[in-house]
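Per numbering that gives the first Met the number 0, residue 0 is the first one in the sequence shown, and the count goes up by one each step. Working notes for the structure below.
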Amino acid sequence: MEQKEFSEVGRDILFASRNELYMHLPYLDAALCALAFAPGGGVTLSLATDGETLYYDGAWLAERYLRSRVWTCRAYLHAVLHCMLRHLAKKRGKVPELWDLSCDAAVESILDELDYPCLNAGSFPVKRKFYGECKRDMPVLTAEGIYRRLLGLSLPEYELARLQRAFLVDDHGLWDPEQRDGEERNQRQDRKWQDLSGKTQTGLETVLDHKGTGGEAVLEQVRVAVRDDVDYRAFLRRFAAPREVQAVDGDAFDYGFYAYGLRLYGNMPLVEPPETREEKRIEDFVIAVDTSMSTSGERVRQFLACTYAILRSAGTFTRKVNIRIIQCDDQVRSDTPIHDLEDLRAYMDDFRLVGGSATDFRPVFEHVAKLQEAGAFASLRGLLYFTDGMGIYPEKRTPYETAFILLGEPPLSVKTPPWAIRLVLEAPDLDRAVEQLPEEIDLDELPEL
0 MEQKEFSEVG RDILFASRNE LYMHLPYLDA ALCALAFAPG GGVTLSLATD
50 GETLYYDGAW LAERYLRSRV WTCRAYLHAV LHCMLRHLAK KRGKVPELWD
100 LSCDAAVESI LDELDYPCLN AGSFPVKRKF YGECKRDMPV LTAEGIYRRL
150 LGLSLPEYEL ARLQRAFLVD DHGLWDPEQR DGEERNQRQD RKWQDLSGKT
200 QTGLETVLDH KGTGGEAVLE QVRVAVRDDV DYRAFLRRFA APREVQAVDG
250 DAFDYGFYAY GLRLYGNMPL VEPPETREEK RIEDFVIAVD TSMSTSGERV
300 RQFLACTYAI LRSAGTFTRK VNIRIIQCDD QVRSDTPIHD LEDLRAYMDD
350 FRLVGGSATD FRPVFEHVAK LQEAGAFASL RGLLYFTDGM GIYPEKRTPY
400 ETAFILLGEP PLSVKTPPWA IRLVLEAPDL DRAVEQLPEE IDLDELPEL
């Protein structure tokens with residue numbers, strides 16, 4: 000009987016917490032109501048979710064509620080944000096301890112930005128210090144970014160345990176992809192939360208117009224959660240132009256007439272295969288690199304190495320090209336013409352970042368305009384600008400396609416021009432692009448990523 004009463008009390012506490020959160024965060028209405036409540040689920044002294052149900056220990060929840068109503072509101076929203084940011088679905092293939100910590104830290108960083116009495120739990124030096132260290136490497140504290148950082152740090156066990164204690168809120172035992180029922184069910188659940196995240200993003204962008212207190216913290220991470228994986232190879236091909244190449248065009252050749260001639264005359268076909276075919280190849284092209292102090296040289300090299308690998312793959316790179324690689328911070332620091340694969344390889348072997356001042360994108364476009372006037376390009380197809388996004392943008396639309404390539408989601412304050420393409424790449428997107436290269440490309444010959 001006592002256990003039943005505690006279960007009912009726990010359910011009432013969760014309902015009360017949900018209502019209070021809704022009053023302050025109306026743009027999360029659909030997400031806040033997406034989890035059913037159930038006692039048990041193997042959960043003791045905590046909360047836990049499997050993406051469908053929020054499990055709780057009634058007695059423990061009642062005791063925590065008496066001590067701090069703020070804690071129950073934070074714990075409820077903590078679990079909901081895990082689902083919205085698709086942390087459960089992304090756990091597969093990750094080191095469990097590091098992924099769990101990364102997800103908790105990412106969610107807690109959002110909660111600490113939300114300035115509401117129901118979520119204000121005070122300031123913790125350990126958490127603030129960790130946030131500051133992470134923000135040196137990433138503009139938005141995402142679970143993926145924090146996880147990559149933790150992998151590279153190889154923290155000792157005592158330090159890892161200290162961080163786990165600082166960020167621990169809920170039980171992640173139900174996240175195990177091997178124990179969750181059915182791949183189809185998991186995919187359906189992931190699509191549901193992606194849809195809910197998309198609705199939240201729309202609400203924040205169009206209704207609140209970023210005016211809700213702390214809404215920016217949610218929107219920054221939700222944008223990452225709803226973003227689909229990027230196929231950088233396919234994106235790069237959009238800048239290719241149709242050209243005739245020396246190759247047999249099987250699609251334009253009628254084998255019926257060819258076979259008929261052989262049958263009729265023995266050794267004389269009526270038609271011959273075409274000796275040329277039309278393919279899209281990259282020829283006139285500009286790659287601009289932001290060399291300001293906020294841009295990492297290693298990240299730039301990784302981007303250029305991946306681009307190099309894709310350009311030299313069959314069906315993309317012509318025998319002779321006209322590619323310019325421009326380095327610029329607040330002025331053009333270098334302009335290197337690339338006319339063939341050997342030029343590109345030599346540039347990558349001797350690559351060095353030049354600059355280190357503030358960021359101004361305009362000098363690159365002014366420089367390219369002068370090159371066009373001088374006849375340096377026959378038909379410029381596009382310009383890729385690799386940057387962190389923070390700088391002064393040109394106001395007028397360019398006569399060619401322009402894409403700003405951002406490695407990692409930038410802060411909301413970064414506003415790319417509406418006429419330009421904005422592509423957010425994560426390090427895994429670049430790795431995946433290299434892995435999908437055709438077999439004729441020897442990965443050992445590529446510049447080190």
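Using N, Cα and C, we set each Cβ at its ideal position, and we do this for glycine too.
I need the DSSP call for G381, collapsed to helix, strand or coil.
strand
What is the C-beta distance between D454 and F376, in whole angstroms, given that I count them as a contact (C-beta under 8 Å)?
Residue 454 lies beyond the residue range present for the chain, which begins at 0 and ends at 448; the question has no answer from this structure.
Counted within 10 angstroms of its Cβ, other Cβ atoms place M22 as buried (16 or more) or exposed
The residue in question, M22, is exposed, as its Cβ has fewer than 16 Cβ neighbours within 10 Å.
Are there three or more Cβ pairs, one per stretch, closer than 8 Å when the segment 146-156 is compared with the segment 97-104?
Segments in contact, yes.
In the DSSP output, what is L333 paired with across the bridge?
Before going on, a small fix: residue 333 reads as Ser here, not Leu. BP columns for S333 point to Q326.
V367 and L382 closer than 8 Å at C-beta:
Yes, the pair counts as a contact, with Cβ atoms nearer than the cut-off.
Just the Cα atoms here: how many angstroms apart are F403 and V42?
46 Å
Any beta carbon from chain D within less than 8 Å of Y21's own beta carbon?
Judged by its chain identifiers, the structure shown contains no chain D, having just a single protein chain.
Burial state of C32, where buried means 16 or more other Cβ atoms lie within 10 Å:
exposed
For H81, count neighbouring Cβ atoms within 10 angstroms of its own Cβ and tell me buried if that reaches 16, exposed if not.
Buried is the label assigned to H81, since at least 16 other Cβ atoms lie within 10 Å of its Cβ.
Distance check for A47 and R184, CA to CA, integer angstroms please.
19 Å
Residues that DSSP places opposite Y55 in a beta bridge
Per the DSSP secondary-structure output, Y55 pairs in a beta bridge with P38 and L46.
R135 to E4 span [Cα, whole Å]
Each residue's Cα considered, the two are about 49 Å apart.
For F129, which residues does DSSP report across the bridge?
Answer by DSSP bridge pairing: none, since F129 is not bridged.
From Q371, A142, E96 and D334, residue whose alpha carbon lies closest to that of S108:
A142
Hey, W69 and N119 are a contact pair by Cβ (cut 8 Å); roughly how many whole angstroms apart?
The sequence shown places Val at residue 69, rather than the Trp named in the question. Contact holds; Cβ gap of about 7 Å.
What three-state label does DSSP hand A233 in the structure shown?
Look at A233 here: in three-state DSSP terms it is helix.
So L53 and F36 are in contact, right, with Cβ under 8 Å, and what is the actual spacing, rounded?
6 Å
Determine, using beta carbons only, whether G328 and T290 come nearer to each other than 8 Å.
In the sequence as displayed, the identity of residue 328 is Asp instead of Gly. Yes, the pair counts as a contact, with Cβ atoms nearer than the cut-off.
Cα-Cα separation between E158 and V125, rounded to whole angstroms:
Near 11 Å, if we compare the C-alpha coordinates of V125 and E158.
Tell whether a beta-carbon distance below 8 Å holds between V285 and R237.
no
Less than 6 Å between C-beta atoms, sequence neighbours within five positions excluded: which residues of the same chain meet that for F302?
F385
Are the CB atoms of Q186 and G50 nearer to each other than 8 Å?
no
Assigned secondary structure, V320 (DSSP; H/G/I helix, E/B strand, else coil)
strand
Is it true that the CB of M83 sits closer than 8 Å to the CB of W192?
yes
Exposed unless 16 or more other CB atoms sit within 10 angstroms - verdict on L263
L263 is exposed by the Cβ-count criterion.
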